[in-house]
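Position one of the sequence shown corresponds to residue 381 (the numbering used here), numbered consecutively onward.
Glycine included, C-beta positions come from ideal geometry on N, C-alpha and C.
Working notes, beginning with the structure itself.
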Amino acid sequence: EHRKEKKFEGIHDMIARLSGDVINKKSLEALIHSGCLDRFENRRTLIEAIPQILAYHKEFQKKQSNSQV
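What follows is the structure, given as structure tokens:
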């Protein structure tokens, strides 16, 4: 079955759909500075939110792994 490609609805949707080893501070900084995430928020706000984004990602991954047990 072909995977349906769908645009990310927001930063949290993107985080939820990417695998755990893809998201880290450096990868987020690169995406933000390159303009890839401009449709979600301005770059300064996203850079300042990196700690919260990473915390959300960590919590999301934890919930995912707990639900798979």
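Of the residues 386, 418, 435 and 414, the one placed nearest residue 403, counting alpha carbons only: Here residue 403 corresponds to residue number 23 of the sequence shown, with the count starting at 1. The candidate whose alpha carbon is nearest that of residue 403 is 435.
First and last residue of the uninterrupted alpha helix (DSSP H) at residue 385: In the sequence shown, the residue the question calls residue 385 occupies position 5. Boundaries cannot be given for residue 385, as no alpha helix (DSSP H) includes it and DSSP labels it neither H nor E.
Assigned exposure category for residue 382 - 16 Cβ within 10 Å defines buried: Position 2 of the sequence shown, counted from the start, is the residue given in the question as residue 382. The predicted model places residue 382 with a pLDDT of 44, which falls under 50 and marks its position as unreliable; any figure quoted below should be read in that light. By the C-beta density criterion, residue 382 is exposed, having fewer than 16 other C-beta atoms within 10 angstroms.
Reference residue 405, options 421, 437, 446 and 442, closest by Cα: By one-based count along the sequence shown, residue 405 stands at place 25. Per the Cα distances, 437.
Alpha-carbon spacing of residue 431 relative to residue 408, whole angstroms: Position 51 of the sequence shown, counted from the start, is the residue given in the question as residue 431. Position 28 of the sequence shown, counted from the start, is the residue given in the question as residue 408. Residue 431 and residue 408 have their alpha carbons spaced roughly 10 Å apart.
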